[in-house]
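In this text, residue positions in the sequence shown follow the numbering used here: the first is 41, and each later residue adds one.
Here a beta-carbon is modelled for each residue, glycine too, at the ideal position from N, C-alpha and C.
Predicted model only: the values in this text are computed from it and were never measured.
The structure under discussion appears below in the form of structure tokens.
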Amino acid sequence: MRFYAVVIVAFLTSLTGCAHWPSAEHRNVTLDGVEVLLEQYCQPAQSSDSDFDDMQQSLKEQQQRLETLTHSIDRLAQRPVSQVPRPAPAPQCQPALMKATTDADNKVVVGATEWVFLSPPGRYLSARVDTGAETSSISARNIVRFERDGKRWVSFDLDTGNADNDIHLEVPLERNVLIRQASFDDVDRRPVVVFDVKLGDNLHQPTEFTLADRSRMSYPVLLGRSFLKDVAVVDVGQEFIHPRSKKR
């Protein structure tokens with residue numbers, strides 16, 4: 041290092057030519073200053089022991105975290121994967137089994153045959169739905185008109201489809217109607233009575249029925265247009281759209 045200082049002093053001396061500066065005293069001062077400067081610039085930067093210790097501690101903590109994470113990943117990789125059962129698919133209704141119960145006009149759709157609940161007598165009977173008939177009709181035998189307390193009544197045996205299970209009823213007589221048979225010239229005078237009729241969950245109304253012997257027919261009850269008017273439409277391609285209701 042002293043060699044470099046001598047070179048620098050010689051270089052400065054050559055720049056001054058023949059001048060008498062620096063003197064011997066000045067040269068000593070200058071040489072000492074240069075040596076100090078060289079020592080300052082040539083000395084490597086020193087890091088404090090505390091900074092180095094902090095760095096080592098940080099590296100050690102990072103290494104520990106990495107080892108912990110690696111160990112956790114290895115354990116997860118070795119763990120058997122549990123099979124989560126797939127949810128059962130939602131049941132789908134078969135289109136062929138679906139029956140519309142209302143149409144675009146919010147009218148109840150009924151089939152060509154339906155179960156109806158009559159009161160009286162308070163039981164279900166199978167009914168044929170016929171839009172060609174104006175009034176409804178019910179099968180009855182042993183029809184007898186009579187008076188009770190000055191009012192007209194009628195008694196009859198309600199045909200349920202089984203002669204052993206016919207139901208005897210006595211109800212007020214609303215009126216009599218004349219029915220001309222299509223295949224005969226004679227006119228039949230039939231009594232008209234009122235039954236409370238329930239079909240499905242949406243149709244429930246009092247309905248007039250003519251009493252006639254329908255034992256030759258397949259169904260003891262016939263529902264005509266008077267029951268269906270403004271509230272129902274008939275789909276002749278279906279039967280028993282409305283099951284027997286639990287609500288009565």
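Q: Please report how far the alpha carbon of residue 93 lies from the alpha carbon of residue 114, in whole angstroms.
A: Position 53 of the sequence shown, counting from 1, holds the residue named residue 93. Position 74 of the sequence shown, counting from 1, holds the residue named residue 114. Rounded to the nearest angstrom, the two C-alpha atoms are 32 Å apart.
Q. What is the DSSP secondary structure of residue 113, counted as helix, strand or coil?
A. Translated into positions along the sequence shown, residue 113 becomes position 73. It is helical.
Q. On the premise that residue 230 lies in contact with residue 252, defined as a C-beta separation below 8 Å, what is that separation, rounded to the nearest angstrom?
A. Walking along the sequence shown from the start, residue 252 turns up at place 212. Walking along the sequence shown from the start, residue 230 turns up at place 190. 6 Å between Cβ atoms; contact.
Q: Take every Cβ of the region 163-182, pair it with every Cβ of the region 197-205, and state whether three or more of those distances are shorter than 8 Å.
A: yes
Q. In angstroms, rounded to a whole number, what distance separates the CA positions of residue 154 and residue 271?
A. As a working mapping, residue 154 is identified with position 114 in the sequence shown. As a working mapping, residue 271 is identified with position 231 in the sequence shown. Each residue's Cα considered, the two are about 15 Å apart.
Q) Under 8 Å between the Cβ atoms of residue 261 and residue 268? A) Reading the sequence shown from its first residue, position 221 is the one you call residue 261. Reading the sequence shown from its first residue, position 228 is the one you call residue 268. Not in contact: residue 261 and residue 268 (Cβ atoms no closer than 8 Å).
Q: Evaluate residue 106 with the Cβ neighbour count: other Cβ atoms within 10 Å of its Cβ, from every protein chain shown; 16 or more gives buried, anything less gives exposed.
A: Against the sequence shown, residue 106 aligns to sequence position 66. Looking at its Cβ environment, which holds fewer than 16 other Cβ atoms inside 10 Å, residue 106 is exposed.
Q: Would you mind sorting residue 237 into buried or exposed? The rule is 16 or more other CB atoms within 10 Å of its CB.
A: Taking the first residue of the sequence shown as position 1, residue 237 is located at position 197. Buried, by the Cβ-count rule.
Q) What residue range is occupied by the uninterrupted alpha helix (DSSP H) comprising residue 265? A) Counting from 1 along the sequence shown, the entry for residue 265 is found at position 225. Element bounds for residue 265: 265-268.
**Q.** 8 Å CB neighbourhood of residue 152 in its chain, flanking five on each side removed
**A.** Residue mapping note: residue 152 aligns to position 112 of the sequence shown, counting from 1. Closer than 8 Å at the Cβ level, and outside the excluded window around residue 152, lie 168, 169, 274, 275, 276, 277, 278, 279.
Q. Skipping 5 residues on each side, what residues in its chain have a beta carbon closer than 6 Å to that of residue 242?
A. The sequence position of residue 242 within the sequence shown is 202, counting from 1. Correct list, in chain order: 148.
Q | Range of the contiguous beta strand (DSSP E) that encloses residue 207 | A | Residue 207 sits at position 167 when you count from the first residue of the sequence shown. Note, residue 207: beta strand (DSSP E), 207-212.
Q | For residue 106: DSSP bridge partner residues | A | Counting from 1 along the sequence shown, the entry for residue 106 is found at position 66. Beta-bridge pairing links residue 106 to no other residue.
Q: Below 6 Å CB to CB, which residues in the same chain sit around residue 227 once its five sequence neighbours on both sides are set aside?
A: Your numbering for residue 227 matches position 187 in the sequence shown. Closer than 6 Å at the Cβ level, and outside the excluded window around residue 227, lie 218, 220.
Q) How big is the Cα-Cα spacing for residue 257 and residue 166? A) By 1-based counting over the sequence shown, the position of residue 257 is 217. By 1-based counting over the sequence shown, the position of residue 166 is 126. Distance between the alpha carbons of residue 257 and residue 166: 12 Å.
Q | Helix, strand or coil at residue 238 according to DSSP, with G and I counted as helix | A | Sequence index remark: in the sequence shown, residue 238 carries index 198 (1-based). Reduced to three states, the DSSP call for residue 238 is strand.
(Q) I'd like the span of the beta strand (DSSP E) that includes residue 151, first residue to last. (A) As a first step, residue 151 is located in the sequence shown; it is residue number 111 there, counting from the start. Looking at the DSSP string, the run of the beta strand (DSSP E) that includes residue 151 is 148-151.
Q) By how many angstroms is the C-alpha of residue 90 removed from the C-alpha of residue 59? A) For this step, residue 59 is matched to residue 19 along the sequence shown. For this step, residue 90 is matched to residue 50 along the sequence shown. In this predicted model, residue 59 has a pLDDT of only 45, less than 50, meaning its place in the structure is not dependable; the value taken from the coordinates is given anyway. Spanning the two alpha carbons is a distance of roughly 53 Å.
**Q.** Other residues of its chain near residue 248: CB distance less than 8 Å, five sequence neighbours each side excluded
**A.** In the sequence shown, counting from the first residue as 1, residue 248 sits at position 208. Taken in chain order, the residues that qualify are 175, 176, 214, 232, 233, 234, 266.
Q. Closest to residue 207 by CA distance: which of 239, 161, 194, 193 is it?
A. Working through the sequence shown from its first residue, we reach residue 207 at position 167. Cα-wise, what sits closest to residue 207 is 161.
**Q.** Contact set for residue 285: own chain, Cβ-Cβ below 8 Å, skip 5 residues either direction
**A.** Within the sequence shown, residue 285 is the residue found at index 245, counting from 1. If we look at residue 285 and ignore the five residues flanking it on each side, its Cβ neighbours are 157, 238, 240, 241.
Q) So what does DSSP say about residue 280, is it helix, strand or coil? A) Position 240 of the sequence shown, counting from 1, holds the residue named residue 280. Residue 280 falls in the coil class under three-state DSSP.
Q) By a C-beta neighbour count over all protein chains shown, 10 Å radius and 16 as the cutoff for buried, is residue 190 buried or exposed? A) Locating residue 190 in the sequence shown gives position 150, where the first residue counts as 1. So residue 190 counts as exposed.
Q. Around the C-beta of residue 116, are 16 or more other C-beta atoms found within 10 angstroms, so that it is buried, or is it exposed?
A. The residue given as residue 116 occupies position 76 in the sequence shown. Under this definition residue 116 is an exposed residue.
Q: Enumerate in chain order the residues of its own chain whose CB-to-CB distance from residue 283 is below 6 Å, with the five nearest sequence positions on each side excluded.
A: Counted from its first residue, the sequence shown places residue 283 at position 243. Result list for residue 283: empty, nothing under 6 Å.
Q. What's the C-alpha gap between residue 216 and residue 194?
A. On the sequence shown, position 176 is the one that residue 216 refers to. On the sequence shown, position 154 is the one that residue 194 refers to. The alpha-carbon atoms of residue 216 and residue 194 are separated by roughly 11 Å.
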